[in-house]
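What follows is a set of notes on a single structure, which appears directly below.
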Amino acid sequence: MAIELCAFEGWTRNLRLSNDAVELIIPLEIGPRIISYRPLTGRNVFKVLVDQAGRKQEADFRLRGGHRLWLAPEDFGHENSLTYVIDNDEVEHEVLNDHSLRVAHIAKAPHRLQREMRIHLAASGPKVTVEHTLHNAGLEPILGSPWALSVMAAGGFAIVSQPGLGTHPEGYAPNRRLVLWPFTDLSDERLRLGARLLRLYQTNRKPIKFGLQHREGWAGYVLGDHLFLKTIPYLEGQEYPDFGSNFEAFTNWDFLEVESLGPLQRLEPGASARHTETWVVFAGVNLPDPQEEEAFLAALEPYTQQL
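Each residue of the sequence shown is one higher than the one before, starting from 0 at the first, in numbering that gives the first Met the number 0.
Here's what the structure looks like:
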């Protein structure tokens, strides 16, 4: 187990958090973000936008890549946006112990929202727990949800399990919700809707996005022989943004995002909202054809159990 300073993709000050199985890179010159997560024997499964790597202190928001924390619902184009708070400057950081650290956005007026990540790596194996916190540093209440976005490297596909099919007339009540954006074309061949599995492929194509009220507990991304999985929490009885979505997936020409969202909350001044994900990543994975859904899900089970 080690936490050490390192250079990465043009940034000179980053924390490298590693154990016997995986490595994470957390930049200190921008953020809070996790810019890399990889098996020690494999590649970074997160996307890093080449033209934005190593840069900092830009005047407007940069997608940049990696894993980030936002506020939902999205308020693109709004003056003093709370979703697109600029994160191009140095972060607060604290090494909590040999396997845990904290990074936080330094909120500056007029920004009212401070973001924080606490990253805990297991002593052994691939498991990582990321605690996301949004803190209302302003003088007025904020209504929103923590929104955790993992920006995945190009060329793979997202996987989202679905509950087993029921029968009619016994299954007379609905049990799933699919949420669509105005630019989402259901005939797009990148989106595969199966009986037990939803898949979204990343290729060099225009944007597409969908959301779910997702109770299966996890989603993932297959990138060649690499497999990334993360938990998708759902709290019964809570209101979620975007027509009740606690999971969303987005892809465009460059990357694919696997996203989880927390419940909508009214944050009074000084209050915080927390949202936790658990991750695992593996290299050298050999999975069946995903069109053989039951066999594919059975092959995934030893990996999902490690969440």
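Note that the Cβ used here is the ideal one computed from N, Cα and C, for glycine as well.
- Your pair residue 246 and residue 152 does not check out as a contact, with CB atoms roughly 20 Å apart and the cut at 8 Å.
- Assignment of beta-bridge partners to residue 38 by DSSP yields 21.
- Linking residue 113 to residue 95 through their CA atoms gives a straight-line distance of about 19 Å.
- When the beta-carbon positions are compared, residue 16 and residue 4 stay at least 8 Å from each other.
- The continuous stretches of alpha helix (DSSP H) do not include residue 220, which lies in the beta strand (DSSP E) extending over residues 217 to 222.
- Between residue 208 and residue 149, the gap from beta carbon to beta carbon reaches 8 Å or more.
- Contact between the region 60 to 67 and the region 23 to 40 is present: three or more C-beta pairs spanning the two stretches fall below 8 Å.
- Distance from the CA atom of residue 142 to the CA atom of residue 250, rounded to whole angstroms, is 27 Å.
- Ranked by Cα distance from residue 215, the options 88, 159, 107, 255 are led by 159.
- If you check the CB distance, residue 225 and residue 284 come in under 8 Å.
- The beta carbon of residue 305 lies closer than 6 Å to those of 279 in the same chain, with the five residues before and after it left out.
- A residue is called buried once 16 or more other Cβ atoms fall within 10 Å of its Cβ, and residue 101 is buried on that count.
- Uninterrupted beta strand (DSSP E) stretches at least 3 residues long and entirely within the region 195 to 271 occur at 196 to 200, 207 to 211, 217 to 222, 225 to 230, 246 to 250, 255 to 260, 264 to 266, given in chain order.
- Taken through DSSP and simplified to helix, strand or coil, residue 115 comes out as strand.
- By the beta-carbon neighbour count (other beta carbons within 10 angstroms, threshold 16), residue 24 is buried.
- Annotation for residue 145: the continuous beta strand (DSSP E) segment containing it runs 141 to 151.
- The beta carbon of residue 92 sits closer than 6 Å to those of 27, 102, all from its chain and outside the five residues before and after it, given in chain order.
- When C-alpha distances from residue 302 are compared across 124, 175, 72, 131, the shortest belongs to 124.
- Rounded to the nearest whole angstrom, the C-alpha separation of residue 126 and residue 266 is 30 Å.
- The bridge partners DSSP lists for residue 26 are 13.
- Within the region 64 to 127, the runs of beta strand (DSSP E) at least 3 residues long that lie entirely inside it are, in chain order, 65 to 71, 91 to 96, 99 to 103, 112 to 120.
- Comparing C-alpha distances from residue 117 to each of 106, 47, 274 shows the shortest one belongs to 274.
- Secondary structure of residue 45 (DSSP, three-state): strand.
- In the structure shown, residue 183 adopts coil according to DSSP, grouped into three states.
- DSSP places residue 1 outside any alpha helix (DSSP H); the residue lies instead in the beta strand (DSSP E), whose first and last residues are 1 to 7.
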